[in-house]
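Counted the way full-length UniProt numbering counts, the sequence shown spans residues 1 to 755.
Even glycine gets a Cβ: it sits at the ideal position worked out from N, Cα and C.
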Amino acid sequence: WTPIAVTVLLVAAATLCKEQGITVVGICCVYEVFIAQGYTLPVLLDTAVQILRGKGSIPFSMLQTLLKLIVLMFSTLLLVVVRVQVIQSQLPVFTRFDNPAAVSPSPARQLTFNYLLPVNAWLLLNPSELCCDWTMGTIPLVESLLDVRNVATLTFFCFLGSLVVFSLRYPGDSSKIVLMALCLMVLPFIPASNLFFPVGFVVAERVLYVPSMGFCILVAHGWKKLSNKSVLRKLSWVCLTVVLFTHALKTLHRNWDWESEYTLFMSALKVNKNNAKLWNNVGHALENEKNFERALQFFIQATQVQPDDIGAHMNVGRTYKNLNKTKEAEESYMIAKSLMPQIIPGKKYAARVAPNHLNVYINLANLIRANESRLEEADQLYRQAISMRPDFKQAYISRGELLLKMNKPLKAKEAYLRALELDKTNADLWYNLAIVYIELKDPAEALKNFNRALELNPGHKLALFNSALLMQESGDARLRPEAKQRLLHYVKEEPQDANGYFNLGMLAMDDKKDTEAEAWMKKAIKLQPNFRSALFNLALLYSQTAKELMALPVLEDLLSYYPDHTKGLILKGDILMNQKKDIAGAKRCFERILELDPNNVQGKHNLCVVYFEERDLIKAERCLVETLALAPHEEYIQRHLSIVRSKIASSSAAEHSALPAGGTGTGTDRRSGTAAAGGKKKSLQDVNQDKKEQKAAGATAEDSKGHSKTKKRTERASVDKESPKKSSEEIRDIEKKRVAALRRLEEIERILNGE
């Protein structure tokens, strides 16, 4: 009983690996009865007849054998039940392309299945033409009794029957060897024979692995019989040598076919050109190598070999899409879609559809949704796929993305929640749901979903990056350390992405860590020299830390890449006028701003300050009048215009005398310039406040979050002149708060702009 128990355990392990393992039980039963106990079929029949006539009883040895067989059979039945439970009592879904004979009517089905037996036997006898895939049209159906291939079937059964009779009827070692060889050949092949249930292939060389053991035993036994005869001894050795030599060469040659997917499938096409799956597989191999032009040729050939193959038309469409031929791609997808089971109004029916074929709806919808006018049509395709398979997770995901694009975040939320019901462990789904909550302006819930995605996949790059941005935007200083850790994790995962370093720099600026911020910004610029936001914010950082002259080269780089960068021009103009005393250079910057945007109040106002610095009071007055027309409610412009007019009046009273180098005139000059620069601050804030559009998941950031040092200096002077007295400490505190608020406002702007 110990060997029997071990046998059952080993059979169970084999069955978990491959269903063929369960057939070992049948081999063991045959071995026990005919080899171990030495019974023959006539002996068993005679004993059964005697028992039925009541002339005898079952021998004790036979009872023991019967008990062993019952234990083995019961164990086999239990294994079958367990195996059925594993597949949830449902057979795999195969299409008619996998095994055409399985869905054919009688007698074509029976004739074809029987013909496949001699085909497999021939592969064992003469493995010269091997093919990695025997599905689809590899072997044409045997549809008539008059088909000449039925002769092969008849010959096979005659030869097999003679071997069975010999092995069961006659005693002796030879019959036992033949019997065990037949058991090893026939029993392991039964699951693949289509006898009990259809399988997903026509012929499969892999299922001949165990049967080949029995075949080898049979060949070896036959060769031994021949070699024992003196007349045939030399001939048998010659034949054995030829067989070993030729098969060794064939094996060596066959090894090169397995060098790559391309060589394997190309070798199969030499054997069989009527299998569309092989043409598709060669196309896939070329597609993986980005050789789309050649891949397309093989995919098109597959559609010609099998015109009703949905997968082949999908492959053609996908390849056309990769070649940016959207019109041809859509045509191919439409052909594939037309081959799908169609809805018949008023009629209910069941249709089995291969799961991967449903991707035709997804692929077609993904293609046409690039056209903004066809979004509803794309949504209809997603819904059609879901109606055919309610648990189609990818359809919910793709539809959620489309609904976001259609500005329907509530419906997108429903789609993602339905997908999460199907798969709660998908980090991408939680990430997408977080994006929906951002669109719904619910950052707290969005952050929860980002965190859920990171719990499932701590290395989820997009969740790391966007959750860090969300924490940064919240303005909550308590979240900054965690935001920094996530950005550090992100740059570890994506060391070549400049956006990660840039946002680390922005966090450092929020924390007043200027040296650290400078290092991160430089790292971002090193990776991406034309990084607009990093260039501007590095220049801004220099200007805020009394390093205005270091900001100039950075601004030069920025403007060389982006000559129309308005805020860069403003900052450069400020530095040139107040640090370099280059009035002409500053004037060119402000004039360039007005060329780009004639209604830019800030640029216009700063140009007025330049005219005043040039002592051209008439032009400064005209300029301020034009600026006031652009912003009539700005009190500071009115105030500055009054100061300039007062200066003009005092100059006229002095009978066109030149402006003195000091005294009251100088004080007035400083006050006017101060007022102009102070006005600039207000207009910058207004520009920032004009941004209303929100888009939270941007990967990069827009710039400008500050003001020039000149602005701070002149604003303080204006306060001293026109406001109640404040201590210098109070002024510094107000200034710090204003800088922080302005920086926060500009940081939000860069996120909203999505640049």
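Residue i in three-state terms, based on DSSP
{"i": "Ala675", "result": "Bear in mind that the predicted position of Ala675 carries a pLDDT of just 31, short of 50, making it too unreliable to give a figure here."}
{"i": "Ala285", "result": "helix"}
{"i": "His633", "result": "coil"}
{"i": "Cys216", "result": "helix"}
{"i": "Ala370", "result": "coil"}
{"i": "Asn449", "result": "helix"}
{"i": "Ser144", "result": "coil"}
{"i": "Asp686", "result": "Only weak support exists for where Asp686 lies, its pLDDT of 33 falling under 50; the coordinates are left without a value."}
{"i": "Lys229", "result": "coil"}
{"i": "Trp258", "result": "coil"}
{"i": "Cys131", "result": "coil"}
{"i": "Ile139", "result": "coil"}
{"i": "Ser57", "result": "coil"}
{"i": "Pro443", "result": "helix"}
{"i": "Gln37", "result": "coil"}
{"i": "Val80", "result": "helix"}
{"i": "Gln342", "result": "coil"}
{"i": "Ala354", "result": "coil"}
{"i": "Pro563", "result": "coil"}
Nearest residue (CA-CA) to residue i, options the options
{"i": "Thr40", "options": "Ser167, Asn126, Cys623", "result": "Ser167"}
{"i": "Val436", "options": "Thr155, Pro118, Met406", "result": "Met406"}
{"i": "Ala336", "options": "Leu195, Asp308, Asn322", "result": "Asp308"}
{"i": "Phe196", "options": "Ala220, Phe113, Arg169, Thr425", "result": "Phe113"}
{"i": "Val491", "options": "Val316, Ala468, Val33", "result": "Ala468"}
{"i": "Pro341", "options": "Arg169, Arg374, Ile310", "result": "Ile310"}
{"i": "Val11", "options": "Gln37, Thr76, Gln544", "result": "Thr76"}
{"i": "Asn426", "options": "Leu296, Pro390, Ala463", "result": "Ala463"}
{"i": "Ala5", "options": "Leu63, Asp379, Leu69", "result": "Leu69"}
{"i": "Tyr361", "options": "Asp510, Phe392, Ser373, Asn371", "result": "Phe392"}
{"i": "Pro529", "options": "Lys512, Leu479, Asn499", "result": "Asn499"}
{"i": "Thr319", "options": "Val305, Asn288, Leu339", "result": "Asn288"}
{"i": "Cys158", "options": "Pro118, Glu445, Trp134", "result": "Pro118"}
{"i": "Leu429", "options": "Lys408, Lys18, Tyr501, Asn451", "result": "Asn451"}
{"i": "Lys290", "options": "Gln301, Asn322, Asn315, Gln297", "result": "Asn322"}
Endpoints, the alpha helix (DSSP H) within which residue i is located
{"i": "Ile438", "result": "427 to 439"}
{"i": "Gly3", "result": "According to the sequence displayed, residue 3 carries Pro and not Gly. 2 to 17 is the span of the alpha helix (DSSP H), which, as asked, contains Pro3."}
{"i": "Gly200", "result": "Run containing Gly200: none; DSSP gives neither H nor E here."}
{"i": "Gln110", "result": "108 to 125"}
{"i": "Cys589", "result": "583 to 596"}
{"i": "Gly21", "result": "Element bounds for Gly21: n/a, residue is neither H nor E."}
{"i": "Glu516", "result": "514 to 527"}
{"i": "Met180", "result": "173 to 186"}
{"i": "Arg294", "result": "292 to 305"}
{"i": "Ala312", "result": "310 to 322"}
{"i": "Leu375", "result": "375 to 388"}
{"i": "Asn503", "result": "498 to 510"}
Span separating the alpha-carbon of residue i from that of residue j
{"i": "Val242", "j": "Leu179", "result": "27 angstroms"}
{"i": "Gly26", "j": "Leu187", "result": "7 angstroms"}
{"i": "Ile648", "j": "Leu617", "result": "7 angstroms"}
{"i": "Leu235", "j": "Lys225", "result": "12 angstroms"}
{"i": "Glu548", "j": "Pro495", "result": "30 angstroms"}
{"i": "Asn126", "j": "Ser260", "result": "25 angstroms"}
{"i": "Ala365", "j": "Tyr333", "result": "10 angstroms"}
{"i": "Leu286", "j": "Glu293", "result": "9 angstroms"}
{"i": "Val142", "j": "Asn120", "result": "16 angstroms"}
{"i": "Leu9", "j": "Tyr209", "result": "22 angstroms"}
{"i": "Cys608", "j": "Lys523", "result": "38 angstroms"}
{"i": "Lys411", "j": "Asp442", "result": "16 angstroms"}
{"i": "Met471", "j": "Ile583", "result": "42 angstroms"}
{"i": "Tyr431", "j": "Gly475", "result": "22 angstroms"}
{"i": "Ala629", "j": "Arg592", "result": "20 angstroms"}
{"i": "Phe215", "j": "Tyr115", "result": "19 angstroms"}
{"i": "Glu421", "j": "Leu66", "result": "52 angstroms"}
{"i": "Leu16", "j": "Gly459", "result": "34 angstroms"}
{"i": "Ser651", "j": "Gly585", "result": "27 angstroms"}
{"i": "Pro211", "j": "Tyr31", "result": "16 angstroms"}
{"i": "Asn315", "j": "Gln306", "result": "13 angstroms"}
{"i": "Asn150", "j": "Pro191", "result": "23 angstroms"}
{"i": "Arg374", "j": "Leu402", "result": "11 angstroms"}
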